[in-house]
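*Asks:* Going by the working numbering, the sequence shown opens with residue 2, and the numbers climb by one from there.
Backbone N, C-alpha and C fix where the C-beta goes; we use that ideal spot for every residue, glycine too.
Input: one structure, supplied below.
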Amino acid sequence: MYLIYRHLLASAAGPFVFGWFVITFLLMIDVLFRYVDLFVSKGVPFFLATKVLALSLGYTFALSVPMAVLIAVLMSVGQMANDNEITAMKACGISLWAVLRPLLFGAALIAAGLTAYNHYVFPRSNHTLANLLYDINRSKPMLEIREQQFTDLSDQMMIYVGSKDDKTGAITNVQIFEKQKPGDLSPRMTVAARGRIVPDHATDSMLIELYDGEIHEVPDPAEPDVYRVIRFKQHNLQLENMERDFQESGRTTRGDREMDLNDLKAAAAEERRNKTMVFGRVRDASATFLDWELGLLDPARRANLLGPDALPDDARRDGALERRFRSARTNAERAAESSRHQQRLLQTYAARENRYMVEFHKKFSIPFACMVFALLGIPMAVTTSRSGKGVSVSLALGVYLVYYAFLMAGEKLADKGLLDPAVAMWSANVFLLVAGVPMFVKAARESSLLSITLRPRRRGPRRSGPAAATAGGTA
Numbered sequence: 002m003y004l005i006y007r008h009l010l011a012s013a014a015g016p017f018v019f020g021w022f023v024i025t026f027l028l029m030i031d032v033l034f035r036y037v038d039l040f041v042s043k044g045v046p047f048f049l050a051t052k053v054l055a056l057s058l059g060y061t062f063a064l065s066v067p068m069a070v071l072i073a074v075l076m077s078v079g080q081m082a083n084d085n086e087i088t089a090m091k092a093c094g095i096s097l098w099a100v101l102r103p104l105l106f107g108a109a110l111i112a113a114g115l116t117a118y119n120h121y122v123f124p125r126s127n128h129t130l131a132n133l134l135y136d137i138n139r140s141k142p143m144l145e146i147r148e149q150q151f152t153d154l155s156d157q158m159m160i161y162v163g164s165k166d167d168k169t170g171a172i173t174n175v176q177i178f179e180k181q182k183p184g185d186l187s188p189r190m191t192v193a194a195r196g197r198i199v200p201d202h203a204t205d206s207m208l209i210e211l212y213d214g215e216i217h218e219v220p221d222p223a224e225p226d227v228y229r230v231i232r233f234k235q236h237n238l239q240l241e242n243m244e245r246d247f248q249e250s251g252r253t254t255r256g257d258r259e260m261d262l263n264d265l266k267a268a269a270a271e272e273r274r275n276k277t278m279v280f281g282r283v284r285d286a287s288a289t290f291l292d293w294e295l296g297l298l299d300p301a302r303r304a305n306l307l308g309p310d311a312l313p314d315d316a317r318r319d320g321a322l323e324r325r326f327r328s329a330r331t332n333a334e335r336a337a338e339s340s341r342h343q344q345r346l347l348q349t350y351a352a353r354e355n356r357y358m359v360e361f362h363k364k365f366s367i368p369f370a371c372m373v374f375a376l377l378g379i380p381m382a383v384t385t386s387r388s389g390k391g392v393s394v395s396l397a398l399g400v401y402l403v404y405y406a407f408l409m410a411g412e413k414l415a416d417k418g419l420l421d422p423a424v425a426m427w428s429a430n431v432f433l434l435v436a437g438v439p440m441f442v443k444a445a446r447e448s449s450l451l452s453i454t455l456r457p458r459r460r461g462p463r464r465s466g467p468a469a470a471t472a473g474g475t476a
């Protein structure tokens, strides 16, 4: 049996490496386009662009390994079945359960390694990648400006460009909105047909040169009816602290995909504490303000506290009573607004907790899929052994698309609070297990997985006795 186990694992090693390279390449296509864009179009140094490409492998590695396991099982077991090795093993009394054991053991080892990778390596590589992209954007503000989108250049300035050239800094169809102060409802709007963004490394600033445009503004907010339009051939805007040489910032804040298991558990616990605290605030706001302030009114009118007719006409003549009522209504409005604000905070904290728990369970559920795919791949390989390697890869892609769709849909539902994070992340594995176990048991009993009917029975009455003997003698 040892030789058989070694043969099974050795025959699966090559397809595993092949599958991993193929799937990693497919998942990296988008990253490759971004790499070319950074290096060729946006002028990011070759070393930094290559570092972005290398660090982007971290996420694709976690997704491609389970898929590679499925491809390895389909191709190796399928080849053995095509060479009649599976038939020979069955003739010697070796069932598919014996085939499953070494492959499941190998998948378990890969799953354990992938779990360790998700805990120790992946968060650090993701954090390094996030810091690198952040520092690149800081050194090249033009990268932050998107075509046909509004981009915040500062707290008081927003820019829109129809098109841009990251190398020359040329921009067209420019719109810039400037607030004179925070909360300004009438920002100055500058529009120009074309322009250019010029970095000044000496002063860490950025100069925006605009040509053939207009400035629309309200000079005095106290007189909103006065509107002024200034036309110009050239207009310059200087933005301070915008352009600098590349340097590592050492950013320490981490997103949910930049945390290990311990960080995720601690962050989720913190959000649960925040939810408990906010829930208490909502309850206190209602009890402190609404309950006793509503007691100033007749019970029949409490439901219409904020309405204009909540106070009876005869009570309006009493100035002191009306002032008490106005105060009660003001407090009720404040309590209602405070309650709404606390409820929004409650939803925010709940969403954050769900995101952390989704990432926590994902670090285990994706590696576990390696063993699920090993179980599912054996009956699929035995059934399609005569169809070739192309069918095996196509089947693997189909199964993985189903798995990935379950995973992404579950993540979205969990982030919105519509599904428990544990259920969302493990439902794909459960679904494939429910489908895979009967398939494997059926294949182990040597029944066809693809045929709808078994061998047809003979029709007509069965002959017996002398008649059968006579018929046999005649034949």
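1) Using a Cβ-Cβ cut-off of 6 Å (strictly less than) and excluding sequence neighbours within five positions of ILE172, which residues of its own chain qualify?
2) What residue range does the alpha helix (DSSP H) around GLY20 cover?
3) Among GLN235, LEU398, THR51, whose alpha-carbon lies nearest the alpha-carbon of THR191?
4) Quick test of your reading: SER126 and GLY59, contact by CB under 8 Å. State the CB separation rounded to the nearest angstrom.
5) Find the nearest neighbour of MET158 within the set PHE26, GLY44, LEU238, LYS168, judged by alpha-carbon distance.
6) Using 8 Å for Cβ pairs, my map puts LEU414 next to ALA429. What's the rounded Cβ distance?
7) Express the C-alpha separation of ILE137 and ALA194 in angstroms, rounding to a whole number.
8) Mind the definition here: the region 76-95 touches the region 3-15 only if three or more C-beta pairs lie below 8 Å; say whether that holds.
9) Output needed for VAL373: all residues of its chain with C-beta closer than 7 Å, excluding positions within five of it in sequence on either side, in chain order.
10) Can the beta-carbon of VAL70 be found less than 9 Å from the beta-carbon of ILE111?
11) Please list the terminal residues of the continuous alpha helix (DSSP H) segment that includes THR1.
12) What does a CB cutoff of less than 8 Å around LYS52 pick up in its chain, not counting 5 residues either side in sequence?
13) Which one or two residues does DSSP pair with ARG229 in a beta bridge?
14) Can you give the beta carbon distance from PRO380 to MET440, rounded, assuming they're within the 8 Å contact cut?
15) Provide the residue span of the alpha helix (DSSP H) that contains THR116, from first to last.
16) Using the Cα positions of ASN355 and GLU271, report the straight-line distance between them to the nearest angstrom.
17) For GLN80, which three-state DSSP category applies?
18) Return helix, strand or coil for GLU145, following the three-state DSSP convention.
19) Using only CA atoms, which one of LEU377, GLY214, GLN150, LEU346 lies nearest to ALA445?
20) Rounded to whole angstroms, how far is the Cβ of LEU265 from the Cβ of GLU360, which I believe are closer than 8 Å?
*Replies:* The structure says:
1) Non-local C-beta neighbours of ILE172 in its own chain, meaning closer than 6 Å and more than five positions away in sequence, comprise VAL162, LYS165, GLY196, ordered along the chain.
2) Annotation for GLY20: the continuous alpha helix (DSSP H) segment containing it runs 3-28.
3) That would be GLN235, whose Cα lies nearest to the Cα of THR191.
4) That pair is a contact at about 4 Å.
5) Here the closest residue by C-alpha is LEU238.
6) Contact between LEU414 and ALA429 does not hold, since the beta-carbon distance rounds to 12 Å and is not under 8 Å.
7) Going from the Cα of ALA194 to the Cα of ILE137 covers about 29 Å.
8) A contact exists between the region 76-95 and the region 3-15.
9) Result list for VAL373: ASN430, LEU433, LEU434, GLY437, in chain order.
10) In contact: VAL70 and ILE111 (Cβ atoms closer than 9 Å).
11) Summary: the structure shown does not reach residue 1, with the chain confined to residues 2 through 476, and so no result is reported for it.
12) So the qualifying residues of the chain are LEU133.
13) The secondary-structure analysis by DSSP pairs ARG229 across a beta bridge with GLU218.
14) Cβ atoms of PRO380 and MET440 come within 8 Å of each other, at about 4 Å.
15) Counted as a single uninterrupted DSSP element, the alpha helix (DSSP H) harbouring THR116 occupies residues 97-117.
16) For ASN355 and GLU271, the distance between alpha carbons rounds to 12 Å.
17) Helix at GLN80.
18) In this structure, GLU145 counts as coil in the three-state DSSP scheme.
19) Of the listed residues, the one whose Cα sits closest to ALA445 is LEU377.
20) In this structure, LEU265 and GLU360 form a Cβ contact; the two beta carbons are roughly 6 Å apart against a cut-off of 8 Å.
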